[in-house]
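Position one of the sequence shown corresponds to residue 56 (my numbering), numbered consecutively onward.
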Amino acid sequence: MTIAIDGPAAAGKGTLAKKVSAHYGLPYLDTGLLYRAIGRRAFDKGVDLDDPQAAGEIARTLKPTHLDDGSLRGREAGELASRVAVHPSVRAALTDFQRAFAAGPEGAVLDGRDIGTVILPDAQVKIFVTASPEVRARRRTDELSAKGRAVDYERILAEVRERDARDAGRSTAPLKPAPDAHLLDTSELDIEAAFRAACEWIDRHRLDGA
Ligand code: DC
Numbered sequence: 056m057t058i059a060i061d062g063p064a065a066a067g068k069g070t071l072a073k074k075v076s077a078h079y080g081l082p083y084l085d086t087g088l089l090y091r092a093i094g095r096r097a098f099d100k101g102v103d104l105d106d107p108q109a110a111g112e113i114a115r116t117l118k119p120t121h122l123d124d125g126s127l128r129g130r131e132a133g134e135l136a137s138r139v140a141v142h143p144s145v146r147a148a149l150t151d152f153q154r155a156f157a158a159g160p161e162g163a164v165l166d167g168r169d170i171g172t173v174i175l176p177d178a179q180v181k182i183f184v185t186a187s188p189e190v191r192a193r194r195r196t197d198e199l200s201a202k203g204r205a206v207d208y209e210r211i212l213a214e215v216r217e218r219d220a221r222d223a224g225r226s227t228a229p230l231k232p233a234p235d236a237h238l239l240d241t242s243e244l245d246i247e248a249a250f251r252a253a254c255e256w257i258d259r260h261r262l263d264g265a
């Protein structure tokens with residue numbers, strides 16, 4: 056079974072995708088990590104993030120070891136990722152890898168922005184996870200303060216909005232729900248409730264497809 060989980064930044068799709076992959080025993084690919092590694096490498100090498108050729112070259116030479124970097128999960132890497140992700144050259148360099156991952160014998164869970172629309176348009180199950188920008192910013196602020204970081208809610212909210220605008224406004228593979236995706240708004244749901252709602256949808260599709 057292949058499951059595509061898309062949605063905007065900080066909607067909780069990573070946590071949800073991990074729980075879904077563990078529950079159904081499917082391999083999991085966090086595709087955002089690929090874009091984060093490219094953004095980080097481009098920045099560290101002093102490459103112009105707006106240069107499609109240079110960013111594309113970094114994407115084509117990405118190695119698995121480049122993903123082993125704790126800083127990739129942070130906010131800065133998320134920003135860098137969103138900037139290099141606008142280039143078709145970068146996206147094209149990652150397409151085959153993502154499709155090959157999903158084509159394994161068991162299937163897979165992939166999360167990202169364009170999994171249900173571009174990477175796996177034939178995925179058996181598609182879920183588009185969202186929440187209002189305010190809720191996402193609040194969750195991110197709480198997460199960071201729990202780690203002892205001084206954070207300003209208004210600033211995080213501005214970052215969330217900026218990232219949404221860039222990810223949804225780009226011309227190649229913009230963030231948007233596939234027409235056949237299940238919309239899961241987690242604004243009023245905690246992770247357990249979101250997980251239960253996702254499983255209900257997945258099980259219904261599994262039975263339909265059986
Ligand atoms: O899911 P994330 O926050 O780790 O993603 C970081 C950025 O990478 C996101 O803002 C846009 C880009 N991205 C993308 O364009 N397509 C994907 N499939 C995954 C991430």
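Note that beta-carbon positions come from the ideal geometry of N, C-alpha and C, so glycine has one too.
A quick note: this is a predicted structure, and the numbers were derived from the prediction, not measured.
Next on the checklist: Within the continuous alpha helix (DSSP H) that includes residue 150, where are the two ends?
Outcome noted: Position 95 of the sequence shown, counted from the start, is the residue given in the question as residue 150. That run of the alpha helix (DSSP H) goes 143-157.
Checklist entry - Should residue 265 be labelled buried (16 or more other beta-carbon atoms within 10 Å of its own) or exposed? => result Within the sequence shown, residue 265 is the residue found at index 210, counting from 1. Residue confidence is low: residue 265 scores 45 on pLDDT, short of 50, so the model does not pin down where it sits. No coordinate-derived value is stated.
Checklist entry - Count the other CB atoms within 10 Å of the CB of residue 110; is the residue buried (16 or more) or exposed (fewer)? => result Here residue 110 is taken as the residue at index 55 of the sequence shown, counted from 1. By the neighbour-count rule (16 or more Cβ atoms within 10 Å), residue 110 is buried.
Checklist entry - By Cβ distance, which residues of its chain are closer than 7 Å to residue 235, with the 5 residues on each side in sequence left out? => result Reading the sequence shown from its first residue, position 180 is the one you call residue 235. Short of 7 Å from the beta carbon of residue 235, and not among the five residues preceding or following it, lie these beta carbons of its own chain, in chain order: 181.
Next on the checklist: Please report the straight-line C-alpha distance between residue 192 and residue 230, rounded to a whole angstrom.
Outcome noted: Taking the first residue of the sequence shown as 1, we reach residue 192 at position 137. Taking the first residue of the sequence shown as 1, we reach residue 230 at position 175. Between the alpha carbons of residue 192 and residue 230 lies a distance of about 18 Å.
Checklist entry - How about residue 87 and residue 185: do their beta carbons lie closer than 8 Å? => result Reading the sequence shown from its first residue, position 32 is the one you call residue 87. Reading the sequence shown from its first residue, position 130 is the one you call residue 185. No. Outside cutoff.
Checklist entry - Between residue 249 and residue 71, which are expected to be in contact by the criterion C-beta below 8 Å, what is the C-beta distance as a whole number of angstroms? => result Taking the sequence shown and counting its residues from 1, one reaches residue 249 at position 194. Taking the sequence shown and counting its residues from 1, one reaches residue 71 at position 16. Right, their Cβ atoms sit about 6 Å apart.
Item to check | Cα-Cα separation, residue 165 to residue 60 | outcome: Indexing the sequence shown from 1 puts residue 165 at position 110. Indexing the sequence shown from 1 puts residue 60 at position 5. Looking at the backbone, the Cα of residue 165 and that of residue 60 are separated by about 6 Å.
Checklist entry - According to the Cβ coordinates, are residue 94 and residue 138 closer than 8 Å? => result By 1-based counting over the sequence shown, the position of residue 94 is 39. By 1-based counting over the sequence shown, the position of residue 138 is 83. Yes, the pair counts as a contact, with Cβ atoms nearer than the cut-off.
Next on the checklist: Can you look up residue 202 in the DSSP assignment and give me helix, strand or coil?
Outcome noted: The residue labelled residue 202 in the question sits at position 147 within the sequence shown. Three-state result, residue 202: coil.
Checklist entry - Ordered along the chain, which non-local residues of its own chain (more than five positions away) have a Cβ less than 6 Å from that of residue 256? => result Here residue 256 refers to the residue found at position 201 when the sequence shown is read from its first residue. Cβ within range, chain order: 237.
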